[in-house]
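Residue numbering for the sequence shown follows full-length UniProt numbering, starting at 1 and increasing by one per position.
For each residue, glycine too, the CB sits at the ideal point set by N, CA and C.
Please read the structure below before turning to the comments.
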Amino acid sequence: MATASEFQVLSEKALHHAADPGLIAYCPSMDLLALATTDQQVFIYRLNGQRVYGAVQKSDKLRVESIRWKPNGQLLAIAWSDGSVRLVSPESSKIVLQFSAGDNVGGVTCMSWATNTIHRFSSSSSRTVESWGAFLAKDGDLSDEKAPLDLPQDLSLIDIEISLPKLSVLAAAGNSDDVFSSRSSLDALFRPFDPKDNSSINVMVVGTKEGNIHLSIYDSFEIGSFVSPITIDGAPCHLLRHASHPDFSTHALLMELPVSGKSLYFVPMDLRFISASSEYLSLLASRSTALNNLLRYIHQVQALMISEWKSTQELPSRFLRNINETLAEKEDNRDIVQALYHSVATGHTFPSVKEWLVDELSERGHKRWDKAVTTGLENLRRLVHENMLPALERCSIILSRFLGIVKFQGSNSSMGFTSQQINLIMDTVACLHLISSKILIQVVDELELFSSFSTWLRHEIDRLASDSSLPNEDVEKESSIDHSKVLLYLQTTMTSSPLATYLNDIPSDGYEETWTHSKYGLPMFDLLDKELQKQEQGLPYIRSLPRVDLLCEFLQQQAHSIFGQIAEAEKRNVLFGKAQIVGVVEADGPVDMWMGVKDNNTSQTHVAFVPKGSSNVVHVVRVMLSVENGISSQHSIETSAIQLGTGQVRDIKFFDDSNLFVLWDLEGIVSLLSLCYASTDTACPLSYTPHGHATIPISLNNGDVLERFSRHKLPGDGSFKPHKMEVRGKAGSRGKEDLRRLFLLGKDRIHYKIVKFAARDPSKGDLDQDVSMS
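In structure tokens form, the structure reads like this:
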């Protein structure tokens with residue numbers, strides 16, 4: 001027996017509130033720990049105990065049900081009891097995305113995030129594929145032996161968006177879209193597409209208490225929900241565990257029957273959209289996610305545009321309404337526009353207007369008026385120029401990619417959309433671009449006209465208030481005023497700004513006619529151009545067509561229709577295999593599942609659990625699946641069991657393809673055991689028998705258990721008693737750097753420790769060899 005290796009303690013901390021042992025996740029790429037406390041708070045900690053993120057659920061009705069890291073560690077998914085899933089960026093501490101796992105969800109039973117490799121079947125798949133950028137950065141030799149062969153794919157992966165200026169941040173709106181209000185969160189949301197990601201796809205699986213299984217890829221691109229693949233006596237089983245392997249599009253589901261004596265069922269799930277769909281799936285899904293984020297951004301921009309526009313109208317409208325009411329009583333058929341026009345043209349001011357200017361408006365009121373209009377128009381100009389137009393340009397680029405891919409794939413492809421549909425969306429984007437350009441031009445004109453009007457108005461207030469002849473400097477000041485612009489502002493803008501055509505809440509006459517025009521496959525840009533010409537000529541026009549909010553809403557409807565069709569095409573390629581009973585587990589007993597590879601066409605999934613009524617027995621069930629063309633078939637299912645003396649099994653976690661970690665409690669002393677479950681080259685291999693036959697556990701006494709399986713000595717003086725654990729195995733290692741970690745939560749749920757595997761003498765073999773030795 002080799003000497004037990006020591007762990008190196010990296011971090012230990014005492015929490016303010018007890019942690020939920022089922023809601024702990026260690027980041028796969030960084031030393032960040034996420035956990036949820038029993039009072040429904042979610043925290044992310046560094047190794048030094050510094051808090052990176054903290055969220056408190058204000059509603060007493062919602063509970064945290066699951067937390068999982070994205071495989072690259074860039075996002076943390078938090079599932080709540082209402083079925084909502086929030087994706088949090090640890091960099092910005094912002095909620096980047098949010099979606100729902102279904103309607104009327106009573107709770108989330110399992111959430112998992114996995115990565116699958118997309119296997120290529122093109123002529124270049126047998127050769128080393130590299131991007132043109134990386135290739136040309138070397139020697140630029142285009143000989144047949146060195147040049148990449150898949151030119152269309154390489155062209156599609158060229159990232160044009162990185163050459164565009166970054167999108168500008170938006171003002172905080174006090175809602176979930178505040179993610180656009182900081183540079184860090186905006187950059188995290190709009191990450192450029194990495195061509196390396198084109199060879200893999202991230203899959204999120206969420207199981208609900210109703211038994212439904214919700215699938216999404218690339219953060220928030222939803223494939224859809226599926227009813228429980230297994231129902232026993234009318235009761236649907238719900239998802240308990242999920243496992244996958246990067247090389248297999250078939251995933252393993254462990255379903256649980258939610259009744260006393262909880263039965264476990266193994267169900268394979270074939271994601272044929274990974275193995276059989278277009279090789280542009282990752283590009284489509286990632287750009288669809290980016291387009292969806294752009295639509296959220298555009299929606300927020302147009303909401304802020306309307307808000308700024310209203311802020312320029314509210315205060316002046318109140319001032320003008322008061323004087324108009326006065327003029328209606330004292331002057332016949334005259335409003336404030338006519339009265340001020342008279343003052344500019346003749347220099348004479350009506351008594352009612354003079355009283356209004358001097359006593360009600362005065363210097364203070366004028367300053368408020370000037371600030372409201374100038375600030376609002378400046379903000380509106382900035383929103384259009386720095387936010388709306390750049391976002392629309394990015395939309396056009398993404399849509400042009402979609403158009404190029406569907407044209408290259410041909411009309412018989414199973415993309416889920418057609419080039420005509422993309423053209424219609426691009427037409428709507430062009431309409432928004434036209435409206436935004438007209439708004440920008442009008443805002444610039446209005447700012448210039450209002451500046452002249454505001455200068456004249458202030459001069460008029462000062463002149464009337466002084467009630468004396470004009471000093472020389474006042475004469476010079478008046479001569480510097482462009483009275484033609486003042487008159488033009490009064491005629492065209494003060495009470496009826498052209499911006500109202502695009503930003504006001506105009507009654508939606510012709511609404512149905514407008515959208516029906518596009519639903520029949522007719523582009524709207526030419527129609528919009530004609531209607532705007534009618535509007536400029538003072539002729540009747542479809543008043544709802546130029547409204548920026550309705551165009552944005554229609555753009556979202558069109559895009560979501562495309563997203564739905566893509567998702568539906570992929571949903572048809574999700575198949576569930578035959579369910580196989582695994583065993584009966586104790587309520588809240590430890591369960592874990594691991595998926596590995598036997599050969600190119602065969603996967604092996606291991607399920608480890610403590611059976612009901614046997615707290616010192618570990619059952620391991622091995623399911624062999626043959627996978628051909630993305631469709632799985634059960635090859636064999638076998639069972640093994642081992643009785644670990646008289647101690648109690650506190651927790652079970654698969655560490656890698658060979659080793660199963662067990663927290664074993666013997667009379668208050670907790671040991672970490674390492675069982676080699678997949679190899680016969682040990683002193684005490686697990687003996688597998690066909691599933692369904694009577695399985696007699698290998699029985700060991702306490703001394704044998706420690707002698708054979710206690711390969712690692714837990715840190716501490718015995719006062720810290722581990723009760724739950726989380727592991728980060730080989731998947732977290734980069735090159736020679738050992739990023740494998742073991743998280744241990746104490747029995748009090750307040751204290752935890754994070755340890756790493758101590759370096760060993762190379763002459764004694766590496767850690768993996770030591771773990772599997774007996």
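Q: Please look up how many angstroms separate the CB atoms of Thr-208 and Ala-36, rounded, as I've assumed it's under 8 Å.
A: Not a contact, Cβ separation roughly 18 Å.
Q: Take the Cβ of Thr-231 as the centre, count every other Cβ of all protein chains shown within 10 Å, and call the residue buried at 16 or more, exposed below.
A: exposed
Q.
If contacts are defined as beta-carbon pairs under 8 Å, then Pro-90 and Val-52 qualify, I think. What distance do you get, rounded to the angstrom?
A. 5 Å
**Q.** Cβ-based burial, Leu-663 [other Cβ within 10 Å; buried from 16]
**A.** buried
Q. Exposed or buried, which one is residue 785 when buried takes at least 16 other CB atoms within 10 Å?
A. With the chain covering 1 to 774 only, the question about residue 785 has no answer from this structure.
Q. For the ligand FMN, any of its heavy atoms closer than 6 Å to the Cβ of Leu-503?
A. What this structure holds is no ligand at all, so the ligand FMN is not there to describe.
Q.
Quick check: the Cα distance between Arg-572 and Val-227, rounded to an integer number of angstroms?
A. Arg-572 and Val-227: Cα-Cα distance of roughly 14 Å.
Q. If Phe-7 and Phe-661 are in contact, beta carbons under 8 Å, what's the gap, nearest whole angstrom?
A. Actually they do not touch by this definition, with Cβ atoms about 12 Å apart.
Q: On the DSSP bridge assignment, give the partners of His-606 in chain order.
A: Trp-594, Arg-622
Q | Cβ-based neighbour list, Ile-698, same chain, cut-off 6 Å, excluding 5 preceding and 5 following | A | Taking Ile-698 as the centre and dropping the five residues before and after it, the same chain places the C-beta of Ile-642 closer than 6 Å to its C-beta, in chain order.
Q: Could you tell me which residues DSSP puts in a beta bridge with residue 818?
A: The chain is shown from 1 up to 774; residue 818 falls before or after that span and cannot be answered.
Q. Using CA coordinates, which residue listed in Ser-615, Lys-371, Val-406, Thr-492 is at the minimum distance from Tyr-280?
A. Val-406
Q) Below 7 Å between beta carbons: does that hold for residue 837 and Thr-326? A) Since the displayed the chain opens at 1 and closes at 774, residue 837 lies outside it and no answer follows.
Q: Report the three-state DSSP secondary structure of Thr-37 (helix, strand or coil).
A: strand
Q) Is it true that the CB of Cys-110 sits closer than 7 Å to the CB of Leu-240? A) yes
Q) Quick one: what's got a C-beta closer than 7 Å to Gly-729's C-beta in the same chain, skipping five residues either side? A) Phe-655, Asp-656, Arg-740
Q) On the three-state DSSP scale, how would you describe Met-725? A) Per DSSP, reduced to three states, the secondary structure at Met-725 is strand.
Q: Measure the C-alpha to C-alpha separation of Val-548 and Val-105 and round it to an integer number of angstroms.
A: So the two alpha carbons sit approximately 35 Å from each other.
Q: Can you check DSSP and say which residues form a bridge with Ile-637?
A: Val-623
Q. The beta strand (DSSP E) spanning Cys-676 covers which residue range?
A. 669-676
Q. Are the beta-carbon atoms belonging to Met-305 and Leu-383 less than 7 Å from one another?
A. yes
Q | Given Leu-532 as reference, the closest of Ile-435, Leu-449, Ala-559 once Cα atoms are compared | A | Looking at the Cα atoms, Ile-435 is the closest of the given residues.
Q: Please list, in chain order, all residues of the same chain as Glu-726 whose beta carbon is under 6 Å from its beta carbon, the five residues on each side excluded.
A: Correct list, in chain order: Ile-24, Tyr-26, Phe-743.
Q. From Leu-15 to Met-524, what distance separates their C-alpha atoms?
A. 59 Å
Q | Nonlocal neighbours in the same chain, by C-beta distance under 7 Å from residue 845, ignoring five residues either side | A | As shown, the chain starts at 1 and ends at 774. That puts residue 845 outside it, with no answer to give.
(Q) Taking contact to mean 3 or more Cβ pairs, one atom from each stretch, closer than 8 Å, check whether the segment 564-583 and the segment 431-449 are in contact. (A) no
**Q.** Identity of the residues DSSP links to Gly-207 by a beta bridge
**A.** DSSP, once it has assigned bridges, lists Cys-110, Ile-213 as partnering Gly-207.
(Q) How far does the beta strand (DSSP E) with Thr-418 in it extend, from its first residue to its last? (A) Here Thr-418 belongs to no beta strand (DSSP E), and DSSP marks it neither H nor E.
Q) In this structure, does DSSP put Val-429 in helix, strand or coil? A) helix
Q: Run the CB neighbour count on Leu-164, radius 10 Å, all protein chains shown included, and call it buried at 16 or more, exposed below.
A: exposed
Q: Count the other CB atoms, across all protein chains shown, that sit within 10 Å of the CB of Leu-62; report buried if there are 16 or more and exposed otherwise.
A: exposed
Q. Is residue 776 helix, strand or coil when you go by DSSP?
A. Outside the shown range of the chain (1 to 774) lies residue 776, about which nothing can therefore be said.
Q. Out of His-299, Ala-243, Phe-180, Asn-116, which has the shortest C-alpha to C-alpha gap to Ile-217?
A. Closest option to Ile-217, judged by alpha-carbon separation, among His-299, Ala-243, Phe-180, Asn-116: Asn-116.
**Q.** Close beta carbons around Ile-652, own chain, < 6 Å, minus the five adjacent residues each side
**A.** If we look at Ile-652 and ignore the five residues flanking it on each side, its Cβ neighbours are Pro-590, Asp-592, Ala-608, Val-662.
Q | Rounded straight-line distance, which links the Cα of Leu-215 to that of Glu-570 | A | 10 Å
Q. According to the neighbour-count rule (16 or more other Cβ atoms, all chains shown, within 10 Å of its Cβ), is Ile-274 buried or exposed?
A. buried
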